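I have placed the structure first, in the form of structure tokens, so that the comments after it can refer back to it.
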């Protein structure tokens, strides 16, 4: 990562995570040096499965590391409710009927026990048939006059839920119908399709259906914690049960029927219950009456990015966030790739405000069934052989266990570095004060990193495609800060974000950049040390020709403005340039917000202190492969005599050339907004000779135009530096440029412009 930013001081880019002001009231044991750290590890081949490792010990932190995960237990945000899956009708059938009582008890203990298993504490239960129902499309009221009955669920599902509750008293259940009975729908079928919508005259009947379900389950000792109006309202397949609902239809159902019907039931309503990439939630919450009945938003992981959950959190902060379905599948290769996918989904989902993580089927058979017209390649946490009763614990079981076994219900998410250097991570603080850090190495090679907690740290080498859980006690001894002049800030290591999307970058060092942004998007870095900072460099790409910018603010997205980094077109969304800006008013330890003022990609930022030589010019070495950020002057009627080319640059891959076959004059210049003060400008030049004027110029700074030495003799083989020193800027702006007045066929080359504050 040492060469990630050309011309930037950062050797690697990490930061410390997040965000809100939640506090933990429970007192802790006093801080002690040398806390012992327990360690468990799993690899993708499952030759290690939650395997205990040798304990580690925190020691006083000394030397800095370019690959550091900062953990700050004093920065907290959402409460974590737990982790789980679904005992679908198919799962229940396999677990209840295809296992001996002894084997079933072992499986249930391994799933639900907080001490002897992985401590599953959430279930999402289908209200009637889904695409995983071994008996087909059943519901609880087949005709308008039928008595309501959960008899089918009582065969397999209810006994398992009752047993799960005895194993884990923290168990919560959210229930979702794939479809109401067909007689309530316009297509008169439980199946989906274009007309699989709810009849207006049966909105009230469906609300009553929910009430009857909740009451029937409660009578069996299985309380329902929450419901969603329906599964995946924007997708109703013709092959299995489904109900299509628009945001307004769901809002109408909730405000007029479901919400009033559940009043006094102590059952929450979660809206939506569909994918990250579907535009639904803002329209739903625009109905204030529906919103008043709604506790939170349910999400599925099958499209888009988890970042949308953060965006919706900041738009609707009073509404909790839940991830209610995220299946594994054979499309990932269930023995290797699925572990990778699960570890990334688990960590990023909770990093973006979800209070839980629910997979899909708890158990499926060796043919990925029994199915009911839907997915035939989905996998469960475990696989049950219908012939032998053998139970195989898959990668999804162990991936979930890295979190669910050690992060208990009631824990809070605490600050930790975002994704950087191939390491995904998540940190939490349990109600007893113990800390948990889960890290996953997505690379195929060993990855050594430091974990820094207050004034203490330890170093660990994590094998490729492996996950590790660290757990320790004690109290953080100091406030956790990030020193940007030492580390820099990788954009993907943000602590919080609004309306952005990560993507793979081809920039030096690889990893992820942060883009898909628009005016008002932002990322935030927690606890950045800004003492002595006077400038910032940003690694940016802009595929448009329209110029935009990044604002650097502190405290909030509308907080104090320290400075603005201009970002012109760079020639492509993966064509990278390092742009710089001066900052004023920086100081202390601050939460830093980087505000996008338009579409651009950002790979990272690095701050420069007053003693540094931050270059304030944009595209100073023309490494954008173009003249972006530069302007030009030439006499009226004369053709352009400037270009960016690759012919023998001084450094990098590009330089600026002035040339024409006829006599010409050409000025290339850049205007920059800077704080008042004293500056130095420079450029490196070589030429063929034949110029009557060849010089560096500085103007519009509050005084007369300044010129460097006039280089009128050729310097074909040698680069010569032209300098203008002690420029006293009093207007808050300065224009720096080069001017050529040359005879026909003569050329001048320029590279590595600088403008620095003295």
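In our numbering, the protein residues as written are 246 to 1003. The beta carbon of each residue, even a glycine, is placed where N, CA and C say it ideally should be. Quantities reported herein were computed from a predicted structural model and do not represent experimental measurements.
If you draw a straight line from the alpha carbon of residue i to that of residue j, how long is it in whole angstroms?
i, j, result
"residue 660", "residue 603", "23 Å"
"residue 881", "residue 761", "41 Å"
"residue 274", "residue 522", "Any reading at residue 274 must be qualified, since the residue scores a pLDDT of 31, below 50, and its modelled position is unreliable; the value itself is stated next. So the two alpha carbons sit approximately 44 Å from each other."
"residue 673", "residue 840", "28 Å"
"residue 688", "residue 707", "10 Å"
"residue 729", "residue 769", "14 Å"
"residue 945", "residue 967", "19 Å"
"residue 746", "residue 817", "17 Å"
"residue 576", "residue 582", "9 Å"
"residue 909", "residue 971", "31 Å"
"residue 358", "residue 295", "15 Å"
"residue 260", "residue 544", "With a pLDDT of only 29 at residue 260, under 50, the local geometry of the prediction cannot be trusted, and no value is derived from it."
"residue 394", "residue 836", "55 Å"
"residue 346", "residue 314", "45 Å"
"residue 671", "residue 698", "14 Å"
"residue 597", "residue 742", "8 Å"
"residue 668", "residue 922", "42 Å"
"residue 470", "residue 364", "18 Å"
"residue 405", "residue 297", "30 Å"
"residue 431", "residue 331", "29 Å"
"residue 989", "residue 1002", "38 Å"
"residue 410", "residue 850", "49 Å"
"residue 549", "residue 302", "40 Å"
"residue 719", "residue 678", "7 Å"
"residue 553", "residue 448", "30 Å"
"residue 267", "residue 338", "Because the pLDDT at residue 267 is just 24, under 50, the model does not fix this residue reliably, and the value given afterwards should be weighed accordingly. Each residue's Cα considered, the two are about 42 Å apart."
"residue 681", "residue 568", "21 Å"
My guess is that residue i and residue j are in contact by the Cβ rule of under 8 Å, so how many angstroms apart are they, rounded?
i, j, result
"residue 998", "residue 928", "5 Å"
"residue 685", "residue 589", "7 Å"
"residue 474", "residue 499", "6 Å"
"residue 825", "residue 782", "5 Å"
"residue 556", "residue 744", "5 Å"
"residue 641", "residue 621", "Between residue 621 and residue 641 the Cβ distance is about 17 Å, and since that is not below 8 Å, they are no contact."
"residue 540", "residue 518", "Incorrect: roughly 13 Å between the Cβ atoms, too far for contact."
"residue 935", "residue 987", "6 Å"
"residue 915", "residue 863", "7 Å"
"residue 712", "residue 390", "Actually they do not touch by this definition, with Cβ atoms about 54 Å apart."
"residue 304", "residue 722", "Not quite, the Cβ-Cβ distance comes to about 12 Å (not below 8 Å), so this is no contact."
"residue 873", "residue 814", "5 Å"
What do you reckon, are the CB atoms on residue i and residue j nearer than 8 Å?
i, j, result
"residue 617", "residue 378", "yes"
"residue 445", "residue 429", "no"
"residue 951", "residue 965", "no"
"residue 421", "residue 487", "no"
"residue 940", "residue 984", "yes"
"residue 800", "residue 827", "no"
"residue 626", "residue 683", "no"
"residue 547", "residue 520", "yes"
"residue 852", "residue 901", "no"
Per DSSP, residue i is paired with what?
i, result
"residue 306", "Looking at the DSSP assignment, residue 306 forms no beta bridge with any residue, so it has no partner."
"residue 719", "DSSP output for residue 719 lists no bridge partner at all."
"residue 329", "367 and 603"
"residue 854", "778"
"residue 568", "544"
"residue 189", "The structure shown does not extend to residue 189, since the chain is modelled only from 246 through 1003, so no value can be given for it."
"residue 296", "286"
"residue 846", "786"
"residue 742", "768"
"residue 1001", "925"
"residue 879", "In DSSP, residue 879 forms no bridge with anything."
"residue 596", "Note: residue 596 sits in no beta bridge, so no partner."
"residue 701", "305 and 698"
"residue 973", "923"
"residue 867", "Per DSSP, none; premise fails for residue 867."
"residue 931", "994"
Within the present structure, is the beta-carbon of residue i separated from the nearest heavy atom of the ligand NAD by less than 7 Å?
i, result
"residue 763", "With respect to small molecules bound, the structure shown includes none, and the ligand NAD cannot be examined in it."
Item to check | Minimum length 3: unbroken beta strand (DSSP E) runs contained in the region 789-829 | outcome: 793-799, 805-812 and 817-827
Next on the checklist: Report the start-end ranges of each beta strand (DSSP E) in the region 747-791 that is 3 residues or longer and not cut off at the edges.
Outcome noted: 757-760, 767-774 and 778-787
Checklist entry - In chain order, which beta strand (DSSP E) runs of at least 3 residues are fully inside the region 497-553? => result 513-520 and 541-545
Item to check | Ranges of the alpha helix (DSSP H) found wholly within the region 383-454, counting only runs of at least 4 | outcome: 396-400 and 402-412
Checklist entry - Can you give, in chain order, each stretch of the beta strand (DSSP E) that sits fully within the region 623-699 and has at least 3 residues? => result 627-629, 636-638, 656-661, 668-674, 680-686 and 692-698
Item to check | 4-residue-minimum alpha helix (DSSP H) runs that sit fully inside the region 334-362, ordered along the chain | outcome: 334-342 and 346-357
Checklist entry - Which ranges would you report for the beta strand (DSSP E) in the region 888-916 if only whole runs of at least 3 residues count? => result 900-904
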